[in-house]
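Participant: For reference, each letter of the sequence shown is one residue, going 1 to 382 in UniProt numbering.
Here a beta-carbon is modelled for each residue, glycine too, at the ideal position from N, C-alpha and C.
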Amino acid sequence: MSRSIVIIGGGIIGTSTAYYLTRHPAYNPANVAIHIVEASHIAAGSSGKGGGFLAEDWHQPYTASLGRLSFRLHEELAREYGGDQLWGYRRVKTLNLEINATGPASKKTKSLDGSEWLGKVEDISVIGDVRTTAQVTPYPMTTFLADKCREAGVQITIALVDGIEFADDGSPRGLRASNEQGETFAFPATDIVFAAGPWTGTLAKKLLGRRAGAAGGIVPSEASTSIIMRPPSDATIPPQALFSSIRMPDGRYGSPEVFPRPDGTVYICGAGTGDGVGLPTRAKEVGPSTRAVERLVEYMNVISPTRFKDATIEVQQACFRPNPPRGGNPVIGQLDKGLWVASGHNVWGLNHGPGTGKCMAELIYEGRARSADISGLAPSTL
């Protein structure tokens with residue numbers, strides 16, 4: 001029997017699912033069709049605008065096995081395709097900083113190797129090393145996977161999903177979509193995967209009604225603004241990831257996260273303000289908060305004043321993340337016959353993307369996930 005698998009969402013979860021569906025032994029393009037339907041463009045949301053931090057062992061019990069699998073798959077993908085050059089994959093040291101902008105610097109900071117670029121830090125600790133933490137640059141990684149999917153026969157369509165047609169037994173048999181130019185599309189569908197990030201809950205309830213189940217409980221986070229800065233070319237910054245707590249001169253507190261990248265730029269997020277902006281129809285319609293951008297620049301001038309005094313802002317952007325339903329874990333598995341969900345990863349979407357994709361491929365083809373224990377993430381558990 002031929003299958004037509006339609007994945008709603010072109011982020012890291014959707015592209016990873018399509019990628020591993022095409023790498024599974026059961027895949028034969030003669031009798032398996034795979035479609036990705038994405039409303040904006042590939043990696044339009046947090047899968048293109050996130051920090052790209054990876055950790056092997058920072059996860060809760062229900063996601064620990066998935067985290068280990070995905071961390072390994074990130075390494076394997078980077079080795080197979082040259083990810084160090086194509087999407088900035090590298091292992092990093094991860095630090096936690098406590099900073100009081102008006103306080104003295106700690107002697108401990110000066111004694112830590114690789115801390116020369118930091119300003120006055122009250123306390124510093126190593127919370128991850130090159131054995132367990134790494135990074136990628138999200139946009140080139142996600143779009144690379146999409147390109148590999150195309151090469152394997154996956155069809156990618158930029159359109160909004162309008163509806164699902166069901167057979168008499170309740171299983172899907174087709175999906176309808178339309179784009180901004182007024183074109184309409186009809187896809188045969190034996191399987192539909194909801195992997196639409198923060199749009200998952202809204203779409204699942206609209207298209208499935210009560211059958212949405214746990215997928216309907218996935219909601220968007222507040223909008224998160226991030227910036228990418230480029231310090232002067234002579235400003236050497238080591239391969240580190242920073243998680244910090246800052247007390248600013250005016251008494252405000254902040255928790256910025258800082259991820260230097262191999263190309264010499266530095267990604268900064270964690271401004272702590274979403275400005276109450278609601279989730280738009282498409283990811284490409286999300287814009288940054290001016291107030292948040294200003295705050296992030298202020299933070300960097302405290303974290304590393306010598307390196308960032310003359311830095312330029314190359315990118316200002318914002319995205320929403322998919323907050324999980326009750327229990328705080330992503331939802332991965334079967335909703336009903338031919339209906340699947342892989343969403344709710346919150347800040348760990350890039351981290352868990354490859355592992356989620358591999359497990360979804362196993363679930364769809366074999367009926368069970370063999371590569372990781374994701375039993376606690378099944379929709380039925382919620």
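Could you check which residue in GLY353, PRO29 and PRO288 has the C-alpha nearest to that of ARG68?
Facilitator: GLY353
Participant: Going by beta carbon distance, what residues of the same chain come within less than 6 Å of ALA292, once the five residues before and after it are set aside?
Facilitator: THR225, ALA271 and THR273
Participant: Helix, strand or coil for PHE166? Go by DSSP, reduced to three states.
Facilitator: strand
Participant: Could you check whether ASP275 and SER289 sit closer than 8 Å to each other, using their CB atoms as the reference points?
Facilitator: yes
Participant: Between HIS59, GLY9, THR202 and GLU116, which lies nearest to ALA235 when the distance is taken from Cα to Cα?
Facilitator: GLU116
Participant: Determine, using beta-carbon pairs with one atom in the stretch 297–316 and one in the stretch 72–85, whether at least three such pairs fall under 8 Å.
Facilitator: no
Participant: State the Cα-Cα distance for the pair GLU56 and ASN179, rounded to the nearest angstrom.
Facilitator: 39 Å
Participant: Suppose the cutoff is 8 Å on Cβ atoms and the five residues either side in sequence are ignored; what does the same chain contact list for TRP348 look like?
Facilitator: HIS59, THR63, GLY67 and PRO330
Participant: Less than 8 Å between the C-beta atoms of GLY88 and VAL136, yes or no?
Facilitator: Cβ distance < 8 Å, so GLY88 and VAL136 count as in contact.
Participant: Do THR157 and PHE185 have their C-beta atoms closer together than 8 Å?
Facilitator: yes
Participant: From the DSSP output, in three-state form, read off ARG368 for me.
Facilitator: coil
Participant: Out of PRO379, ILE124 and MET360, which has the shortest C-alpha to C-alpha gap to SER371?
Facilitator: MET360
Participant: Which same chain residues, not among the five before or five after GLU362, have their C-beta less than 7 Å away from its C-beta?
Facilitator: ARG368, ALA369, ARG370 and SER371
Participant: At the level of alpha carbons, what is the spacing between ASP113 and ILE192?
Facilitator: 50 Å
Participant: With 16 other CB atoms within 10 Å as the buried threshold, where does residue 383 fall?
Facilitator: Limits of the chain in this structure are 1 at one end and 382 at the other, which puts residue 383 out of reach.
Participant: Just how far apart, CA to CA, sit ARG230 and TYR20?
Facilitator: 35 Å
Participant: Taking the alpha-carbon of LEU242 as reference, which of ILE227, GLY182 and GLY128 has the nearest alpha-carbon?
Facilitator: GLY128
Participant: If you draw a straight line from the C-alpha of TYR81 to the C-alpha of LEU145, how long is it?
Facilitator: 10 Å
Participant: List in chain order: all unbroken beta strand (DSSP E) runs of 3+ residues lying wholly within the stretch 125–191.
Facilitator: 133–135, 155–158, 160–166, 172–178 and 184–188
Participant: Buried or exposed: which applies to ARG295, given that a residue is buried once 16 or more other Cβ atoms fall within 10 Å of its Cβ?
Facilitator: buried
Participant: For THR94, which residues of its own chain have a beta-carbon under 6 Å away from its beta-carbon, when the five flanking residues on both sides are left out?
Facilitator: ILE127, GLY128, THR133 and ALA241
Participant: Starting from THR94, follow its DSSP beta bridges and name the residues at the other end.
Facilitator: In the DSSP assignment, THR94 forms a beta bridge with GLY128 and ALA241.
Participant: Taking its Cβ as the centre, do 16 or more other Cβ atoms sit within 10 Å of ASN323, making it buried, or is it exposed?
Facilitator: buried
Participant: Reducing DSSP to helix, strand and coil, say where ILE12 ends up.
Facilitator: DSSP places ILE12 in helix when its eight states are reduced to three.
Participant: Quick check on the DSSP output: the alpha helix (DSSP H) that includes VAL302 runs from which residue to which?
Facilitator: 290–303
Participant: With which residues is PRO322 paired in a DSSP beta bridge?
Facilitator: PRO220
Participant: So what's GLN85 in DSSP terms, helix, strand or just coil?
Facilitator: helix
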